[in-house]
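Before any comments, here is the structure.
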Amino acid sequence: MPHHANSPHPPAARSFLSRRRVVAVCAAAAAFALFLAAAPVAEDPSRQRAYLMGPFRGGSREETVVAGSLAGASSSSPSPAESPLSCLGEINLSGGIEPTPAPSMFLVPSPSPAENFDDGSMEEPERPEIKGNPPKDPAPFLQEAPLWSTAADEELIYAKKEITNAPLTSDDPDLYAPLFRNVSIFKRSYELMEKLLKVFVYHDGAKPIFHSPELKGIYASEGWFMKLMEANQNFVVRDPNRAHLFYLPYSSRQLEHNLYVPGSNTIEPLSIFVKNYIDMISAKYPYWNRTKGADHFFVACHDWGPYTTKLHDELRKNTIKALCNADLSEGIFIRGKDVSLPETFLRAPRRPLRDIGGRPVAQRTILAFFAGQMHGRVRPVLLKYWGDKDADMRIYSRLPHRITRRRNYVQHMKSSKYCICPMGYEVNSPRIVEAIYYDCVPVIIADNFVLPFDDSLNWSAFSVVVPEKDVPKLKEILLAIPESRYITLQSNVKRVQRHFLWHPNPIKYDIFHMILHSVWFSRVNQMQIN
């Protein structure tokens, strides 16, 4: 996964743009001009409708819900193990939408540059350091009243009251309570999502940056969500005046692939493109300006996804960002508003459930396993202390051929008790979900990482989080876990697996619905009850 330095330009080059970068910016401008030409005509803002609901259910209740909060979470914790308690929900509505075909602004994209090594692991090739400085004003989301109220707002307020007073759930056969921070709140929120949620998908934009999902590789999460969201007939509506949420269907992976100029050491053309797109949306339609983007969302799994928002303050601060790179230390991801997106590596898009599962506990003979390139700050330390030094700790930079002849990468994960998931260039890693797919307890080493679906799932029930400073004590930490505790963790990994699986036709509680639910819950949580 790409890393990014603290300064995108060397000192000698700060006074001018390189010829290559000028070409990149011009390409971005030309591409955006084509994008504007392909955009459909704006709808009349006067078509505001009022879909009023029935009276709210209020009053007291007798049940006391186990700890859970709808008021947002603090971002003071540096470790995923210390995430605050929050809640989730999901919704279903009828409707339908088909993206308007638009002429392509680029040539057909080539395959992803990610390498699929012989050992079965998936890594990104080396890339320049282009992160740039953190924003000067990493202020949290500022709650402001919409310019005008809609029936959708009333429905969201109703949902928040209902979730706050969720009835106590016990012995639900579809939901295993220990996996959740608060299963009662999650269940009620999900029920209301199915009942109420309406999403408008913007038609604007030409392929391949818009409406062009990539379904294979380490960025598959954003592609699968785009594909399933645009084809959905339960949540998506044609009339934006009825929508609770507005989806911005662009691909961060395609931004990098089509606008980044190798060797330019800058992602500014990508940021300019995104800024221009949001400026066009806000000028063409009234919906962005009504909430300053607070009811809009996008889904980005590329590492650069957060950084491409830096040139548009409302996009960066207000919009719900579903990001694989959910790093609290960058000043971009806002806990309690943004969504941590699971990074899923799919080898076969036509068979997303291929190879799911692993060996039973009795046949997991390896204590801990990791194989991968030495990206980022954690992996070299992991290799230094444990690389080829301990028979119980199978830690490799890449699996040697003498090893892969007997057992490949996937077979190692299926045969290990614990799968080590250190951060790479960024805090996120596809190995976390890979471990869950193969019934292996993930050991997550990434400070400041907000874990996927943190607002609903209780990660301590099915994973181990190790601070980066404790890598030298990794074996000691794992051996200190009692066998009975390990068996519980591994059993819970198998139970939570359903929430991370992609299905060509989404099913209840799967990863598509979990992502949408986290976005829904974030929006519900923003609503102010007078």
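Start counting the sequence shown at 1; every next residue gets the next number (UniProt numbering).
All residues carry an ideal CB built from backbone N, CA and C; glycine is no exception.
| Check | Outcome |
| --- | --- |
| Can you give me the start and stop residues for the alpha helix (DSSP H) that histidine 517 sits inside? | 511-526 |
| Is it true that the CB of threonine 308 sits closer than 8 Å to the CB of serine 221? | no |
| For aspartate 470, count neighbouring Cβ atoms within 10 angstroms of its own Cβ and tell me buried if that reaches 16, exposed if not. | exposed |
| Within 10 angstroms of its Cβ, does leucine 346 collect 16 or more other Cβ (buried), or is it exposed? | buried |
| I'd like to confirm the pairing. Which residues does DSSP put opposite leucine 346 in its beta bridges? | Gly217 |
| Let me make sure I understand the geometry here. Which of His517, Leu479 and Ser522 has the alpha-carbon closest to that of glutamate 191? | His517 |
| To the nearest angstrom, report how far apart threonine 404 and serine 491 are at their CA atoms. | 28 Å |
| For valine 519 and isoleucine 320, which I take to be in contact (beta-carbon distance under 8 Å), what is that distance rounded to the nearest angstrom? | 5 Å |
| If you draw a straight line from the alpha carbon of leucine 479 to that of leucine 367, how long is it in whole angstroms? | 9 Å |
| Buried or exposed: tryptophan 224, going by 16 or more other Cβ atoms within 10 Å of its Cβ? | buried |
| Mind listing, in chain order, the continuous alpha helix (DSSP H) runs of no fewer than 4 residues lying wholly within the region 376-416? | 379-386, 401-404 and 409-414 |
| Let's see if you can read the secondary structure: which residues bound the beta strand (DSSP E) around proline 269? | It is not in any beta strand (DSSP E) - proline 269 instead sits in the alpha helix (DSSP H) that spans 268-284. |
| Report the option in Met514, Gln411 and Ile507 whose CA atom is closest to the CA atom of proline 360. | Gln411 |
| With hydrogens ignored, establish whether the beta-carbon of valine 183 is closer than 7 Å to any heavy atom of the ligand COA. | The ligand content of the structure shown is nil, which means the ligand COA is not present either. |
| Let's test the definition: count the other Cβ atoms within 10 Å of the Cβ of leucine 168 and tell me whether it reaches 16, buried, or not, exposed. | exposed |
| Measuring only the C-alpha atoms, how far is glycine 96 from phenylalanine 235? | The predicted position of glycine 96 is uncertain, since its pLDDT is 33 and thus under 50; no value can be drawn from it. |
| Quick check on this structure: which residue in Cys421, Cys440, Leu323 and Asp279 has the alpha carbon closest to the alpha carbon of lysine 414? | Cys440 |
| So lysine 494 is in the alpha helix (DSSP H); what residue range does that whole segment cover? | 483-496 |
| In this structure, does DSSP put glycine 89 in helix, strand or coil? | The predicted model places glycine 89 with a pLDDT of 35, which falls under 50 and marks its position as unreliable; any figure quoted below should be read in that light. DSSP places glycine 89 in strand when its eight states are reduced to three. |
| Below 8 Å, can you find three or more Cβ-Cβ pairs linking the region 263-275 to the region 174-183? | no |
| Just reading off the alpha helix (DSSP H) that valine 433 is part of, what are its end residues? | 431-437 |
| Round the Cβ separation of alanine 294 and asparagine 276 to the nearest angstrom and send it over; I've been treating them as touching at under 8 Å. | No, alanine 294 and asparagine 276 are not in contact; Cβ-Cβ is about 21 Å, not under 8 Å. |
| Given lysine 227, which residues of its chain have a CB within under 7 Å of its CB, disregarding the five upstream and five downstream residues? | Pro213 and Leu215 |
| Within 10 angstroms of its Cβ, does alanine 39 collect 16 or more other Cβ (buried), or is it exposed? | In this prediction, alanine 39 has a pLDDT of 46, which is less than 50 and means its spatial position is unreliable; nothing more can be read from the coordinates. |
| Based on the DSSP secondary-structure assignment, which residues constitute the bridge partners of alanine 300? | Leu323 |
| Over the uninterrupted beta strand (DSSP E) stretch that includes leucine 478, give me the two end residues. | Careful: leucine 478 lies outside any beta strand (DSSP E), inside the alpha helix (DSSP H) at 474-479. |
| Count the CB pairs spanning the region 247-259 and the region 364-378 that are closer than 8 Å, and state whether there are at least three. | no |
| Between the C-alpha atoms of threonine 488 and lysine 417, what's the straight-line distance to the nearest angstrom? | 12 Å |
| What residue range does the alpha helix (DSSP H) around phenylalanine 186 cover? | 183-196 |
| Identify the continuous beta strand (DSSP E) that holds isoleucine 366 and give its terminal residues. | 366-371 |
| Can you tell me which of Leu196, Val201 and Asp172 puts its alpha carbon nearest to the alpha carbon of lysine 187? | Asp172 |
| With DSSP as the reference, identify every bridge partner of valine 441, one or two as the case may be. | Tyr418 |
| I believe isoleucine 395 touches isoleucine 432 by the beta-carbon criterion, under 8 Å. Please report the beta-carbon distance rounded to the nearest angstrom. | Between isoleucine 432 and isoleucine 395 the Cβ distance is about 17 Å, and since that is not below 8 Å, they are no contact. |
| Could you name the residues of the same chain whose beta carbon sits closer than 6 Å to that of cysteine 324, not counting the 5 residues immediately before and after it, in chain order? | Cys301, Leu341, Glu343 and Asn428 |
| Using DSSP with H/G/I as helix, E/B as strand and the rest coil, what is serine 460? | helix |
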